[in-house]
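Chains as they are written, first to last, in UniProt numbering: chain A, 1 to 207; chain B, 1 to 207.
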């Protein structure tokens with residue numbers, strides 16, 4: 001519908017040439033913030049991932065590694081996926097380019113899925129760490145952190161870092177939904193139509 | 001917003017008097033969908049909550065109740081909160097009224113928080129149910145569902161219902177972010193300015 005206006009006066013907004021692109025107004029500052037917000041999780045995810053992967057403890061009672069606990073393996077996998085996605089998307093947003101609707105949709109959907117994934121991974125790992133610290137007498141699950149104190153502390157650090165990633169991604173999905181939905185006014189059509197009619201009448205009067 | 005076109009020359013839009021209101025165009029169908037999407041979780045949350053609260057099992061090995069497990073208590077609390085919020089917000093959206101910016105922001109933020117809460121509660125309860133079914137030998141957590149089969153099945157049903165609520169809330173937070181951010185074009189201003197300038201020139205020509 002951007003092309004629509006162009007046919008009339010060819011000047012009602014530079015943002016209407018080619019495919020629908022976003023206004024450039026407050027875009028550069030948002031773009032910088034977004035690129036930063038996508039770079040930060042790269043480091044955080046790698047840190048959380050490495051901390052968790054290197055998390056194992058051997059002692060006289062036995063040995064415990066992150067790979068023995070499903071929730072911690074899930075945390076490692078999700079952090080790995082998000083490190084990759086964050087890096088790719090940061091590289092993509094760093095270069096100024098028109099944000100078309102398919103791109104806005106892609107970012108929006110991937111950001112949403114990422115946010116839900118990392119939140120679920122963090123929550124699940126927190127619960128297991130909580131059980132490891134406190135145990136659950138009724139289910140006969142004994143606490144494990146008395147025996148594996150170092151293991152538990154390192155896992156907790158990794159989980160805390162994961163929640164920093166969660167915060168970044170909550171902000172990122174806010175930005176990408178802003179970017180997507182702030183374009184949705186145009187298809188609703190009242191503004192363009194308004195211009196159209198007025199424009200038509202002007203041409204008539206002018207000729 | 002529809003009014004906007006009609007009043008083109010007389011005054012520049014009801015949307016400029018008083019608080020910014022949303023277009024009514026595709027709004028009624030979205031509003032119906034939204035009210036429905038807010039009513040469904042009321043029933044689902046209450047079902048998940050009741051199922052979980054009534055979930056306890058006594059047998060020769062001992063007794064187990066939802067209240068013994070932190071994750072399940074959290075699930076009950078979050079389902080209770082969301083049942084209340086869903087009912088209130090459904091009642092609010094059922095009545096057609098102008099959606100002002102503060103209202104759009106309130107819905108957006110509460111929907112986001114609700115979605116994250118119910119997702120976290122569902123994920124955490126799933127992990128505990130998983131541990132109850134499978135156990136974790138390395139941490140010496142034995143499986144509990146061999147002994148408390150009925151308890152586990154009822155908890156699983158409650159968790160599945162909770163994930164239906166998650167789906168509803170993912171859609172709801174999509175709708176409320178669409179509603180909030182689709183207004184963000186207007187303050188950016190280029191479209192309104194376009195209309196304004198043309199309108200001014202028309203008045204000049206007409207007189």
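We put the CB at the ideal spot given by N, CA and C, even for glycine.
message = Quick check on DSSP: helix, strand or coil for residue 142 of chain B?
response = Taking the first residue of the second chain as 1, we reach residue 142 of chain B at position 142. Of the three classes helix, strand and coil, the one that applies to residue 142 of chain B here is coil, per DSSP.
message = Less than 7 Å between C-beta atoms, sequence neighbours within five positions excluded: which residues of the same chain meet that for residue 177 of chain A?
response = Taking the first residue of the first chain as position 1, residue 177 of chain A is located at position 177. Once the five neighbours on either side are set aside, the close Cβ partners of residue 177 of chain A are 108.
ask   = For residue 63 of chain A, which of helix, strand or coil comes out of DSSP?
value = Numbered from its first residue, the first chain carries residue 63 of chain A at position 63. Correct three-state label for residue 63 of chain A: strand.
key: DSSP three-state assignment for residue 55 of chain B, whether helix, strand or coil   = As a first step, residue 55 of chain B must be located in the second chain, where it is residue number 55. Coil.
inquiry  = Counting only C-beta atoms, is residue 140 of chain A closer than 9 Å to chain B at any point?
reply    = Within the first chain, the letter at position 140 stands for residue 140 of chain A. For residue 140 of chain A, a Cβ of chain B is located within less than 9 Å of the residue's own Cβ.
ask   = Just checking my contact of residue 80 of chain B with residue 39 of chain B at CB under 8 Å: how many whole Å lie between their CB atoms?
value = Along the second chain, read from residue 1 onward, the residue named residue 80 of chain B stands at position 80. Along the second chain, read from residue 1 onward, the residue named residue 39 of chain B stands at position 39. So it is not a contact: roughly 17 Å between Cβ atoms.
request  = Starting from the Cα of residue 69 of chain A, find the closest Cα among A/125, A/146, A/157 and give me that residue.
outcome  = On the first chain, position 69 is the one that residue 69 of chain A refers to. Ranking A/125, A/146, A/157 by Cα distance to residue 69 of chain A puts A/125 first.
message = DSSP has residue 136 of chain B in a bridge; who is on the other side?
response = Here residue 136 of chain B is taken as the residue at index 136 of the second chain, counted from 1. BP columns for residue 136 of chain B point to B/141.
query = Between which two residues does the alpha helix (DSSP H) harbouring residue 163 of chain B extend?
reply = For the purposes of this step, residue 163 of chain B is taken as the residue at position 163 of the second chain. Residue 163 of chain B -> alpha helix (DSSP H) spans 149-181.
inquiry  = Check for me: the alpha helix (DSSP H) holding residue 72 of chain A runs from which residue to which?
reply    = Numbered from 1 along the first chain, position 72 holds the residue referred to as residue 72 of chain A. Secondary structure note for residue 72 of chain A: its alpha helix (DSSP H) is the uninterrupted segment 70-94.
key: Listed by chain order, chain A residues near residue 70 of chain B by CB distance under 9 Å   = The residue you call residue 70 of chain B lines up with position 70 of the second chain. Correct list: 127, 130, 131, 134, 136.
Chain B residues whose Cβ lies nearer than 8 Å to that of residue 124 of chain A = Looking up residue 124 of chain A in the first chain gives position 124. Those are 123, 124, 126, 127, listed as they occur along chain B.
key: residue 184 of chain B: contacting residues in chain A (beta-carbon distance under 7 Å)   = Translated into positions along the second chain, residue 184 of chain B becomes position 184. Simply 178, 182.
inquiry  = Among B/159, B/175, B/165, B/168, whose alpha-carbon lies nearest the alpha-carbon of residue 51 of chain B?
reply    = As a working mapping, residue 51 of chain B is identified with position 51 in the second chain. Of the listed residues, the one whose Cα sits closest to residue 51 of chain B is B/159.
query = Taking buried to mean at least 16 other C-beta atoms within 10 Å of its own C-beta, is residue 96 of chain B buried or exposed?
reply = Taking the second chain and counting its residues from 1, the one referred to as residue 96 of chain B is at position 96. Exposed.
key: From A/101, A/56, A/82, residue whose alpha carbon lies closest to that of residue 67 of chain A   = Position 67 of the first chain holds residue 67 of chain A. Residue 67 of chain A has its Cα closest to that of A/56, out of A/101, A/56, A/82.
Given 8 Å, three or more beta-carbon pairs between the stretch 99-115 of chain A and the stretch 164-180 of chain A = Contact annotation: the stretch 99-115 of chain A touches the stretch 164-180 of chain A, with at least three C-beta pairs closer than 8 Å.
key: Proximal residues to residue 31 of chain A (C-beta, below 8 Å), its chain only, five neighbours per side dropped   = Position 31 of the first chain holds residue 31 of chain A. These residues qualify, in order along the chain: 93, 96.
task = For residue 77 of chain A, decide whether its Cβ has a neighbour in chain B, counting only Cβ atoms nearer than 9 Å.
result = What you label residue 77 of chain A is simply residue 77 of the first chain in a count that begins at 1. Taking Cβ atoms only, chain B never reaches closer than 9 Å to residue 77 of chain A, which makes this a no.
request  = Note down the Cα distance separating residue 162 of chain B from residue 82 of chain B, rounded to an integer number of angstroms.
outcome  = For the purposes of this step, residue 162 of chain B is taken as residue 162 along the second chain, with counting starting at 1. For the purposes of this step, residue 82 of chain B is taken as residue 82 along the second chain, with counting starting at 1. Rounded to whole angstroms, residue 162 of chain B to residue 82 of chain B spans 10 Å at the Cα level.
key: residue 99 of chain B in three-state terms, based on DSSP   = To locate residue 99 of chain B, count along the second chain from 1; it is residue 99. Coil.
task = Give the residues of chain A in contact with residue 119 of chain B, contact being defined as C-beta atoms less than 7 Å apart.
result = Here residue 119 of chain B corresponds to residue number 119 of the second chain, with the count starting at 1. Ordered by position in chain A, the residues that pass the 7 Å Cβ test against residue 119 of chain B are 116, 119, 120.
task = Could you check what DSSP says for residue 184 of chain B in three-state terms: helix, strand or coil?
result = Sequence index remark: in the second chain, residue 184 of chain B carries index 184 (1-based). Reduced to three states, the DSSP call for residue 184 of chain B is coil.
ask   = Where does residue 41 of chain B land, buried or exposed, given buried means 16+ other C-beta within 10 angstroms?
value = Taking the first residue of the second chain as position 1, residue 41 of chain B is located at position 41. When all chains shown are included, residue 41 of chain B counts as buried.
message = Determine whether the beta carbon atoms of residue 156 of chain B and residue 61 of chain B lie at a separation below 9 Å.
response = Numbered from its first residue, the second chain carries residue 156 of chain B at position 156. Numbered from its first residue, the second chain carries residue 61 of chain B at position 61. No, they are not a contact pair.
request  = Compare the C-beta of residue 112 of chain A against all C-beta atoms of chain B and say whether one is closer than 9 Å.
outcome  = Along the first chain, one-based indexing puts residue 112 of chain A at 112. Judged by the 9 Å Cβ criterion, residue 112 of chain A is in contact with chain B.
task = Rounded to whole angstroms, what's the CA-CA distance from residue 173 of chain B to residue 129 of chain A? Just pull it up for me.
result = Residue 173 of chain B sits at position 173 when you count from the first residue of the second chain. Residue 129 of chain A sits at position 129 when you count from the first residue of the first chain. The alpha-carbon atoms of residue 173 of chain B and residue 129 of chain A are separated by roughly 30 Å.
task = Answer with yes or no whether the minimum CB distance from residue 62 of chain A to chain B is below 9 Å.
result = For the purposes of this step, residue 62 of chain A is identified with residue 62 of the first chain, where counting begins at 1. Chain B contact via Cβ: present.
ask   = Taking the C-alpha atoms as reference points, what is the distance between residue 144 of chain A and residue 64 of chain A?
value = On the first chain, residue 144 of chain A is found 144 positions in, with the first residue counted as 1. On the first chain, residue 64 of chain A is found 64 positions in, with the first residue counted as 1. Just so you know, the alpha carbons of residue 144 of chain A and residue 64 of chain A end up roughly 10 Å apart.
inquiry  = 9 Å is my cut-off, CB to CB: does residue 144 of chain B come that close to chain A?
reply    = Position 144 of the second chain, counted from the start, is the residue given in the question as residue 144 of chain B. It does; some Cβ of chain A falls within 9 Å.
ask   = If you count every other CB in all the chains shown that lies within 10 Å of the CB of residue 36 of chain B, and 16 or more means buried, which is it?
value = Here residue 36 of chain B refers to the residue found at position 36 when the second chain is read from its first residue. The residue is exposed, with fewer than 16 neighbouring Cβ atoms inside 10 Å.
query = Does the separation of the CB atoms of residue 121 of chain A and residue 75 of chain A fall below 9 Å?
reply = Translated into the one-based positions of the first chain, residue 121 of chain A becomes position 121. Translated into the one-based positions of the first chain, residue 75 of chain A becomes position 75. Contact: yes.
task = Find the nearest neighbour of residue 86 of chain A within the set A/43, A/140, A/149, A/28, judged by alpha-carbon distance.
result = In the first chain, counting from the first residue as 1, residue 86 of chain A sits at position 86. Nearest option by C-alpha distance: A/43.
request  = Spatial neighbours of residue 90 of chain A within its chain, please: CB distance less than 8 Å, with the 5 preceding and 5 following residues excluded, ordered by chain position.
outcome  = Here residue 90 of chain A corresponds to residue number 90 of the first chain, with the count starting at 1. Excluding residues within five positions, the ones whose Cβ falls inside 8 Å are 35, 38, 39, 42.
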